[in-house]
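Student: Following this message is one structure expressed as C-alpha cells.
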Amino acid sequence: MNTTNLRRISASEINREARQVFRSNFKDIIVLNIVPILMRIIGMFFLVQMYRSWLSGLGISLSDPQAASQKMTEISQSIISNPGSASKYAFTLTPQTSIFVFAAGLFFFLICVGIGYSILDKYRNQNYQIRTIADQFQVFSGKYFFAIIFLAVIFNMIVEAGLAFFFIIGIWFMLIFSQSFYIYKGDADRQERVGLGQTFSTFARSSILVRGYKWTLLWLFVQFFLWEIVNLITREIFSIVLHPYEQTVLAIFYDKVEKAKIEQAKAQATN
Numbered sequence: 001m002n003t004t005n006l007r008r009i010s011a012s013e014i015n016r017e018a019r020q021v022f023r024s025n026f027k028d029i030i031v032l033n034i035v036p037i038l039m040r041i042i043g044m045f046f047l048v049q050m051y052r053s054w055l056s057g058l059g060i061s062l063s064d065p066q067a068a069s070q071k072m073t074e075i076s077q078s079i080i081s082n083p084g085s086a087s088k089y090a091f092t093l094t095p096q097t098s099i100f101v102f103a104a105g106l107f108f109f110l111i112c113v114g115i116g117y118s119i120l121d122k123y124r125n126q127n128y129q130i131r132t133i134a135d136q137f138q139v140f141s142g143k144y145f146f147a148i149i150f151l152a153v154i155f156n157m158i159v160e161a162g163l164a165f166f167f168i169i170g171i172w173f174m175l176i177f178s179q180s181f182y183i184y185k186g187d188a189d190r191q192e193r194v195g196l197g198q199t200f201s202t203f204a205r206s207s208i209l210v211r212g213y214k215w216t217l218l219w220l221f222v223q224f225f226l227w228e229i230v231n232l233i234t235r236e237i238f239s240i241v242l243h244p245y246e247q248t249v250l251a252i253f254y255d256k257v258e259k260a261k262i263e264q265a266k267a268q269a270t271n
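Below is the structure:
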C-alpha cells in the first residue's frame, strides 16, 4: 500500500467541517432528509408494535415485570433442555412482511444515496441550491437508477457474505467498498453513458480510494454506532438531526479523500 505524500485526514477534521456545513444549511439539509427521517420514526413505531406482539404470543406481558421475568426464565430453561424448541420462540416475519421490509430498506437506501449526492454538490459548490424534494429522489432518474440498484445489490451480497463468514471480514468489505456509490456519481457526471464494466469497477476503485483512510472511516462508523444507541433511547426522534448529520459527514469524507488522492498522484508525477 503506497501512502507516500498522502495527506492525513482525521475524523475530528471531517466532523468539524460537517458541523459547519450542517449549521450553515440547517433548514435545507433537514428538509432534504425528511423522507428517511419519517421512515425511521415510523419504522421504529412498527418495530415496537411487532416486538410487543411477539412477546404477547409468548405469553409475556411487559405490564407485569415479575411475571414476564418468570416466563422468560421458563423459556430459557426449555431451550436449554431442548435446543430444538428454540425455533418455536424465535421472532419471525411472514414472507409478505419480509418482502415489504426489503423493499422499504432498498427505497430508504436509494433516497439516502441521492441525499448524499446533493450534500456533496453543496459542499463542493456553495452556490449550489439544494432542491429539498427533487434531490431526495434524484437516484430514481434514468441517469442513476439501474446502476445504483446494481451496486446496492452487489454491495449487500458482498457485505452479507463477509459477515456470514466472519464479522470482521464483513466490516472490512463495508469499509473498502462504501465509496463506490460516490465514485459512480463522478462517472455519471462526466459521461453521458456509463457501461456495466465501468460501473462494476467502482468497487475496485473504492478499495483503492480508501487506502490510508480506512481507520478514519471506521472511527466515523463507530461514532455513528454510539450515537445510534442514544437515538434508540429516543425512539428515533433524535434522527431528526442525527441522520442528516451522518449523511453530511459521509459526503465530506468522500470529497476530502478524493482530493487527497488527486494531490498524492500529482506529487508522485512530479517526482
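Under full-length UniProt numbering, think of the first position of the sequence shown as 1, with each following residue one higher. Here a beta-carbon is modelled for each residue, glycine too, at the ideal position from N, C-alpha and C. Since the model is a prediction, treat every value here as computed from it, not as a measurement.
How about Y123 and K185: are their beta carbons less than 7 Å apart?
Tutor: Not closer than 7 Å, so no.
Student: When you compare the CB positions of F221 and I14, do they come within less than 7 Å of one another, or not?
Tutor: Not closer than 7 Å, so no.
Student: Thinking just about the alpha-carbon of each residue, which of I9, A18 and T94 is nearest to the one in M50?
Tutor: Checked all of I9, A18 and T94; the closest Cα to M50 is T94.
Student: Cβ of F238 within 7 Å of Cβ of S206?
Tutor: In this structure, S206 does not lie closer than 7 Å to F238 by Cβ.
Student: With DSSP run on the structure shown, which of helix, strand or coil describes Y182?
Tutor: DSSP places Y182 in helix when its eight states are reduced to three.
Student: To the nearest angstrom, report how far apart T199 and S53 are at their CA atoms.
Tutor: Computed Cα separation, rounded: 43 Å.
Student: Kindly indicate which residue of E74, L110, G43 and Y128 has the alpha-carbon position closest to the one of T97.
Tutor: Checked all of E74, L110, G43 and Y128; the closest Cα to T97 is G43.
Student: Short of 7 Å in beta carbon distance, which residues of its chain neighbour A147, apart from the five on each side in sequence? Order them along the chain.
Tutor: Result list for A147: Y184, V194 and T199, in chain order.
Student: Taking 8 Å as the cut-off, does the segment 242 to 253 touch the segment 20 to 39 (at least 3 CB pairs, one atom from each stretch)?
Tutor: Yes, the segment 20 to 39 touches the segment 242 to 253.
Student: Between the Cα of V113 and those of W215, S78, I149 and N125, spot the shortest distance and give me the residue it belongs to.
Tutor: Ranking the options by Cα distance to V113, first place goes to I149.
Student: Give me the Cβ distance between I130 and L32, rounded to the nearest whole Å; I'm assuming they're in contact under 8 Å.
Tutor: Contact holds; Cβ gap of about 6 Å.
Student: So what's Y128 in DSSP terms, helix, strand or just coil?
Tutor: In this structure, Y128 counts as coil in the three-state DSSP scheme.
Student: Do S180 and T202 have their C-beta atoms within less than 7 Å of each other?
Tutor: Contact flag set, yes.
Student: Residues in its own chain within less than 8 Å of F137 by CB, not counting five upstream and five downstream?
Tutor: Result list for F137: I111 and G114, in chain order.
Student: Looking at I9: is its Cβ nearer than 7 Å to the Cβ of K256?
Tutor: It is a contact, given that the beta carbons lie within the stated cut-off.
Student: When the Cα of Q264 is compared with those of V241, Q223 and R211, which residue comes out closest?
Tutor: Closest option to Q264, Cα to Cα, is R211.
Student: Taking 7 Å as the limit between beta carbons, can you name the residues of its chain near F145, skipping five residues before and five after?
Tutor: Within the same chain, F145 has close Cβ partners V139.
Student: Buried or exposed: where does R40 fall if 16 or more other Cβ atoms within 10 Å of its Cβ makes it buried?
Tutor: With 16 or more other Cβ atoms within 10 Å, it is buried.
Student: Can you list, in chain order, the residues of its chain with a C-beta nearer than 8 Å to that of N25? Leave out the 5 residues immediately preceding and following it.
Tutor: Result list for N25: K122 and I130, in chain order.
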